[in-house]
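Peer 1: If you read the sequence shown in the working numbering, its first letter stands for residue 10, the second for the next number, and so on. Handing you this structure, nothing more for now.
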Amino acid sequence: LFELYLYKNQLTTLPKGVFDQLANLQTLGLDNNQLTALSAGGFD
Numbered sequence: 010l011f012e013l014y015l016y017k018n019q020l021t022t023l024p025k026g027v028f029d030q031l032a033n034l035q036t037l038g039l040d041n042n043q044l045t046a047l048s049a050g051g052f053d
């Protein structure tokens, strides 16, 4: 999976490590969600 678009899903949080299994992910779309903060290390 190279691209993941999660537009308009009313996401409020992204757990740390949620994308850990997506080693090839290059594009992540999170527009129009309810995210207010990201966890430290959430995209390591």
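In this text, a Cβ means the ideal position worked out from N, Cα and C, and glycines have one as well.
Just the Cα atoms here: how many angstroms apart are SER48 and THR21?
Peer 2: Whole-angstrom Cα-Cα distance: 12 Å.
Peer 1: What are the boundary residues of the beta strand (DSSP E) that THR36 is part of?
Peer 2: 36-38
Peer 1: For ASN42 versus ASN18, is the C-beta spacing smaller than 7 Å?
Peer 2: yes
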